[in-house]
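Its first residue numbered 0, the sequence shown is counted upward by one per residue in numbering that gives the first Met the number 0. Beta carbons: idealized from backbone N, C-alpha and C, even for Gly.
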Amino acid sequence: MASLVGVEMADRFTTTSTPLGILASVPLGELEATVRRTLAAGKIVFVNMDSTPGLGHDPGALAYLKGIGAIGICSTRAAIIERAGSLGLLTMQKVFVTDRSNLHRSLQGVARSRPDLVQLMPAVVLRYVEQQVRDLGVPYLAAGFVQGEADVVEALRHGAAGVCTSDQALWELRRSALRAS
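Here's what the structure looks like:
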């Protein structure tokens, strides 16, 4: 999954074969046009609500996103994930793991909000928390510090459905082409 930081990167994404992306750092005034361009290119994008300048974290923001054609949202906030799901938007909950107590609290939040996907950050912690994340029964993606093909293989080996990365060289990787996946 492509992690798209800004309008320029989102526009480059539309010319790739990568089907999924997360939009971040797209100013509110450019968000609708950017979402529409990605949709026109046949892409599915999640709008990162935590990294969209000018976009709030309230029901009005979710209604706005649905109104401009957004297919999904991404956030660390469980309440936003719950509301978005009730509106029919796809949901991805970001979980930043800093220590075991943080992991426990975050996974409780995920269990309550029931997102469609979990984005686990940083990817390097996956080997330590794989079982706890698998026990949620929600597909998860590894993100953060994904630096090359070996990191992608490692994440998949630990049960990730995929990875999120801003490294455009990794966007075109496919599971069938990876070594030892």
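CA-CA distance, Leu169 and Pro18? Residue 169 sits at position 170 when you count from the first residue of the sequence shown. Residue 18 sits at position 19 when you count from the first residue of the sequence shown. A straight-line Cα-Cα distance of about 13 Å links Leu169 and Pro18.
Which residue's Cα is closest to the Cα of Thr37: Ser24, Asp166, Val6, Ala159? Taking the sequence shown and counting its residues from 1, the one referred to as residue 37 is at position 38. If we check each option's Cα against that of Thr37, Val6 comes out closest.
State the DSSP-derived secondary structure class of Thr17, mapped to helix, strand or coil. Locating residue 17 in the sequence shown gives position 18, counting from the first residue. Three-state result, Thr17: coil.
Would you tell me roughly how many angstroms separate the C-alpha atoms of Pro52 and Ala142, rounded to the nearest one? In the sequence shown, residue 52 corresponds to position 53, counting from 1. In the sequence shown, residue 142 corresponds to position 143, counting from 1. For Pro52 and Ala142, the distance between alpha carbons rounds to 21 Å.
Is it buried or exposed for Arg185, if we count other Cβ within 10 angstroms and need 16 for buried? Since the first residue shown for the chain is 0 and the last is 180, residue 185 is missing from the structure and cannot be characterised.
Could you tell me whether the Cβ atoms of Ile70 and Leu89 are closer together than 7 Å? To locate residue 70, count along the sequence shown from 1; it is residue 71. To locate residue 89, count along the sequence shown from 1; it is residue 90. Yes, the pair counts as a contact, with Cβ atoms nearer than the cut-off.
Under the three-state DSSP convention, the category Ile72 falls into: Position 73 of the sequence shown holds residue 72. Reduced to three states, the DSSP call for Ile72 is strand.
DSSP three-state label for Lys93, please. Start at 1 with the first residue of the sequence shown, and residue 93 comes out as number 94. Note: Lys93 maps to strand in three-state DSSP.
Can you check whether the CB of Tyr139 is closer than 7 Å to the CB of Val117? Your numbering for residue 117 matches position 118 in the sequence shown. Your numbering for residue 139 matches position 140 in the sequence shown. Going by C-beta atoms, Val117 is nearer than 7 Å to Tyr139.
Write down the C-beta distance between Val145 and Asp166 rounded to the nearest angstrom, noting that I regard them as a contact closer than 8 Å. Within the sequence shown, residue 145 is the residue found at index 146, counting from 1. Within the sequence shown, residue 166 is the residue found at index 167, counting from 1. Indeed they touch by this definition, with Cβ atoms about 7 Å apart.
Three or more C-beta pairs closer than 8 Å, one from the stretch 94-102 and one from the stretch 59-68: is that the case here? Contact between the stretch 94-102 and the stretch 59-68 is absent: fewer than 3 CB-CB pairs across the two stretches fall below 8 Å.
Taking the beta carbon of Asn101 as the centre, do at least 16 other beta carbons fall within 10 Å, making it buried, or is it exposed? For the purposes of this step, residue 101 is taken as the residue at position 102 of the sequence shown. Under this definition Asn101 is an exposed residue.
Give the range of the alpha helix (DSSP H) segment to which Ile43 is assigned. Stepping through the sequence shown from its first residue, residue 43 is reached at position 44. Where Ile43 is concerned, there is no enclosing alpha helix (DSSP H), although the beta strand (DSSP E) it sits in stretches over 43-47.
Where do the ends of the alpha helix (DSSP H) carrying Met120 lie? The count along the sequence shown starts at 1 and reaches residue 120 at position 121. From DSSP, Met120 is part of no alpha helix (DSSP H) but of the beta strand (DSSP E) over 116-120.
Buried or exposed by the 16-neighbour rule on C-beta atoms within 10 Å, applied to His157: Taking the first residue of the sequence shown as 1, we reach residue 157 at position 158. Buried, by the Cβ-count rule.
If you draw a straight line from the C-alpha of Lys65 to the C-alpha of Val151, how long is it? Start at 1 with the first residue of the sequence shown, and residue 65 comes out as number 66. Start at 1 with the first residue of the sequence shown, and residue 151 comes out as number 152. Rounded to whole angstroms, Lys65 to Val151 spans 32 Å at the Cα level.
Just mark Ser175 as buried or exposed, buried being the case when its beta carbon has 16 or more other beta carbons within 10 Å. Here residue 175 refers to the residue found at position 176 when the sequence shown is read from its first residue. That one is exposed.
What are the boundary residues of the alpha helix (DSSP H) that Ala1 is part of? Residue 1 sits at position 2 when you count from the first residue of the sequence shown. Where Ala1 is concerned, there is no enclosing alpha helix (DSSP H), although the beta strand (DSSP E) it sits in stretches over 1-4.
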